[in-house]
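Chains as they are written, first to last, in this note's numbering: chain A, 94 to 523; chain B, 94 to 523.
Backbone N, C-alpha and C define an ideal beta-carbon position, used for all residues, glycine too.
Taking it in order: structure first as structure tokens, then the write-up.
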């Protein structure tokens, strides 16, 4: 089937008068009596099929007349040059087969001329993603996945796969889904944190891009219960080293996205400009001062999230880092300073947090002390702590949410736009 | 930290007499009285640090003497040419810092000279993966992940991410882990099957490489409860088209693995030869006849697994397909023929099944009929069935287990060798 097929983008002026076979969807049709048009769409583009009374094959008229919107069709025909048609070429049909029919009314307009609300779109995601703008978002997401992995492989990172089913709550917290696992209870991992740290012993530079889980009952436009995390961990590195890797990654992404996704970015009709590096860096305390100046009351030790950051208009469209968060709001594995700050950072785009990272504590005794300070039981972390006796190098790393990163690049206003089948408290289907 | 560092492989004869800084692990040491050696290992290789009494810096002797096996160290020193040292270069130390110590006795010999059993190794995986041969397995796995994605991106596949948390048992079966999901019960996905099929409407060619789950209480050397699946689905394709994509992928993998992983393959000391394509193809009935000839009793309709296939010695080291399996042992979404066979295939390597695929049923009415025949309730599949009214093209696809594929390439005899942190009925930690 595939071998004899011609994709829409492969039809060229050299095919004039040749008989070709195309497959796709009937995206539009017009009947002017003596002339009948079908616009056939495949993933790569569109081609016009034009039937002319007394010129084209009379046997295909019946098939042509029975085609409904979004039916799946196979068309064999002769390529003709026509200035009016898209790309100057059209097909004079010799044989048309309807391979599968669509059911009407469709839940969405596949041409995207009629807008639908997000819930209806997500309920009919396969048809929603067929629509050009939505399709472009996910083609960019696919390209982004390729670009990210190229970046890490080129920079000599080892790709690892860590478990999704884990024995104990990694960072404490109620944010875990429990699973009955044979005779025990297990949990769904919320990040590869502990495993990626352990793996710097063997591989020094590791990355993972995978699905992780948060069990909180979120109800926002930027949280999902299942999301994709981009994670790295690097031996003999501190927070400044991995912030600089993060900056390089962002530059790399923008360069390659422009190269690989020109058409899809055009279709999304966005003004995208490559961020300047080095990105701005603010210490947590500077951000607090800035906010206090704007009469947003935040004290040292308070979390600073989207709601507060939305007040900093000057950072609205920018990527930037906030560093040196208070130790008390950071997890146990971050390197803590004596003055109550920690060797940590967040990566933000405007008011949206994309990810966070830091220098990790590599000293086993200090780590145990920090576990206890965070009211966690070191014995729950025995396998992890053991690894700190195997030759644990100083290390640092970060995690960035892939869907949030995509939101920042494509200026999406709801994270559900960046996930084919989002999972939230109320949505478990399709 | 990273910027001033020199990796072992970057030290070259041009560095002679320069002062450099290296980081790594003390893999070995010798003390000949007047001359003391440390072999420093990093991920990329090894470098010898040689201290000579009355020639080298006397201040580093104490640090040098206190170093234990697998301690993490930082060495600054002058590069010297020495024919006896690995690669003809060594370091005369000026400053040595112990960055972190190891705890002795270590659970494993990091140099791999002393063998350990698999359970001990898996309990101490970060140290196990530090050992050269084990490390090489996972560096090849990382390369394989990159190669696979390159292949799919080059062949215009769109990378998709489908949900791991799903609302209903996709293929029936008890092989699902249930999860309490807010007020409902959800399941962990065992494959992206239904979602990838839906997505051929939008993207025509999709792939996903991700972690999936099987809840069976396996106790074999080739099953895990959490594994990585390589999945594709292609519109306007049948089983022969996707078998040919599979063959191309295998050829591509072998070409690129030889290119990218020469050193790691050498370290594993394997005789690897690129498979000839097209791969051999046997119909299920032919395999049955072959087995019956060898007095292995199998009837039409029986499953044929590793145990039976082990009798076909002529296929021991080969990749091959078994096609046209009986409909009754295939899932509902496979295209069934009238004669009791189906448009399906398995990819095998010797007696090991690596994956399976087939032409899918694209007709909604037939699909509902097949669901009922398999004793499944069509209403549990309502979102999936809806997609078959949106313009579902004929399509085909397959899924291949990444860890099994790696087993076949590297001739591993236990799938746990191919997973950093394997999950089975008895192993949920580390």
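Can you pull the DSSP bridge partners for residue i?
i, result
"residue 520(A)", "517(A)"
"residue 185(A)", "171(A)"
"residue 416(A)", "376(A), 438(A)"
"residue 116(A)", "167(A)"
"residue 429(A)", "435(A)"
"residue 511(A)", "DSSP output for residue 511(A) lists no bridge partner at all."
"residue 139(A)", "134(A)"
"residue 271(B)", "280(B)"
"residue 301(A)", "324(A)"
"residue 489(A)", "327(A), 452(A)"
"residue 123(B)", "130(B)"
"residue 191(B)", "166(B)"
"residue 306(B)", "319(B)"
"residue 445(B)", "442(B)"
"residue 494(A)", "322(A)"
"residue 252(B)", "300(B)"
"residue 233(B)", "According to DSSP, which records beta bridges pairwise, residue 233(B) is partnered with nothing at all."
Does any C-beta atom of chain B lie closer than 8 Å to the C-beta of residue i?
i, result
"residue 412(A)", "no"
"residue 379(A)", "no"
"residue 522(A)", "yes"
"residue 426(A)", "no"
"residue 490(A)", "no"
"residue 188(A)", "no"
"residue 359(A)", "no"
"residue 345(A)", "no"
"residue 482(A)", "yes"
"residue 530(A)", "This structure does not reach residue 530(A), given that chain A is present from 94 up to 523, and the question cannot be answered."
"residue 220(A)", "yes"
"residue 429(A)", "no"
"residue 228(A)", "yes"
Consider the Cβ of residue i: report whether some Cβ of chain A lies at a distance smaller than 8 Å.
i, result
"residue 438(B)", "no"
"residue 476(B)", "yes"
"residue 217(B)", "yes"
"residue 518(B)", "yes"
"residue 158(B)", "no"
"residue 176(B)", "no"
"residue 351(B)", "no"
"residue 485(B)", "yes"
"residue 95(B)", "yes"
"residue 374(B)", "no"
Count the other C-beta atoms from every protein chain shown that fall within 10 angstroms of the C-beta of residue i, then say buried if there are 16 or more, exposed otherwise.
i, result
"residue 501(B)", "buried"
"residue 197(A)", "exposed"
"residue 106(B)", "exposed"
"residue 468(B)", "exposed"
"residue 179(B)", "exposed"
"residue 422(A)", "exposed"
"residue 283(B)", "buried"
"residue 357(A)", "buried"
"residue 56(A)", "Because chain A is modelled from 94 through 523, residue 56(A) falls outside the range shown and cannot be assessed."
"residue 181(A)", "exposed"
"residue 410(B)", "exposed"
Between residue i and the ligand NAP, is there a pair consisting of the residue's CB and a ligand heavy atom that are separated by less than 7 Å?
i, result
"residue 141(B)", "Here there are no bound small molecules, and the ligand NAP is not part of this structure."
Exercise. With 9 Å as the limit, tell me which residues of the region 192-203 of chain B have their beta carbon closer than that to any beta carbon of chain A; keep them in chain order.
Key: 192, 193, 194, 195, 196, 197, 199, 200, 201, 203
Practice problem: Output, in sequence order along the chain, the residues in the region 290-309 of chain B whose CB is closer than 8 Å to any CB in chain A. | Solution: 291, 292, 294, 295, 296, 297, 298, 303, 304, 306
Quiz item: Can you list, in chain order, the residues of the region 501-515 of chain B whose Cβ is nearer than 7 Å to any Cβ on chain A?
Solution: 513, 514
Practice problem: Identify each residue in the region 232-248 of chain B for which the Cβ-Cβ distance to at least one residue of chain A is less than 7 Å, and report them in chain order. | Solution: 232, 235, 238, 239, 242, 246
Quiz prompt | beta strand (DSSP E) segments (min. 3 residues) lying fully within the region 315-400 of chain B | solution = 319-328, 373-376
Quiz prompt | Cβ-based contacts, 9 Å cut-off: residues of the region 119-134 of chain A near chain B | solution = 119
Self-check item: Positions along the region 313-339 of chain B whose CB lies within less than 9 Å of some CB in chain A
Solution: 318, 319, 321, 327, 328, 329, 330, 331, 333, 334, 335, 337, 338
Quiz item: Quick one, which residues of the region 140-170 of chain B are near chain A if we go by CB-CB under 9 Å, in chain order?
Solution: 162, 163, 164, 165, 167
Quiz item: What residues from the region 250-261 of chain A come within 9 Å of chain B, judged by C-beta to C-beta, listed N to C?
Solution: 250, 251, 252, 253, 254, 255, 256, 257, 258, 259, 260, 261
Quiz prompt | chain B contacts from the region 450-473 of chain A (Cβ-Cβ distance under 9 Å) | solution = 455, 456, 457
Quiz item: Of all the beta strand (DSSP E) runs that stay within the bounds of the region 197-221 of chain B, which reach a length of 3 or more residues?
Solution: none
Quiz item: What residues in the region 269-285 of chain B have a beta carbon less than 8 Å from any beta carbon of chain A?
Solution: 270, 271, 272, 273, 274, 275, 277, 279, 281
Quiz item: the region 380-413 of chain B: which residues have C-beta closer than 8 Å to a C-beta of chain A, in chain order?
Solution: none
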